[in-house]
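Asks: Residues 30 to 107 (my numbering) make up the sequence shown, in order. Even glycine gets a Cβ: it sits at the ideal position worked out from N, Cα and C. Nothing here was measured: the structure is a model prediction, and the numbers come from that model.
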Amino acid sequence: LSSQRIIRSHLLPNILIPIITVLAIEFGTLIAFATVTESIFAWPGVGKLVIDAIVNLDRPIVVAYLLFVVTLFLVLNL
30 LSSQRIIRSH LLPNILIPII TVLAIEFGTL IAFATVTESI FAWPGVGKLV
80 IDAIVNLDRP IVVAYLLFVV TLFLVLNL
């Protein structure tokens, strides 16, 4: 067996597990904290919508956003 084949078949799958997990968590955090960025720079978007919903006590929009973010975290970390 060549060293390349050993690395590809045994080492690479074990190395990719934590890398994919960290990337998924970072992507989920990026989506979740887009709210802060949009509110600071006054960009229109989902984050601005959520901030306005929180200020106006519009619970269905806040719950829908939270469900979206939680589902995104769960799907990316499976």
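#1: Assign N106 to one of three DSSP states: helix, strand, or coil.
#2: DSSP state of L40, grouped into three classes?
#3: Under three-state DSSP, which class holds F56?
#4: Identify whether G76 lies in helix, strand or coil by the three-state DSSP scheme.
#5: Which of the three DSSP states, helix, strand or coil, is assigned to F62?
#6: Determine the contact status of E67 and G76, defining contact as a CB-CB distance below 8 Å.
#7: State yes or no: is the C-beta of A82 within less than 8 Å of the C-beta of I90?
Replies: Reading it off the structure:
#1: coil
#2: helix
#3: helix
#4: helix
#5: coil
#6: yes
#7: yes
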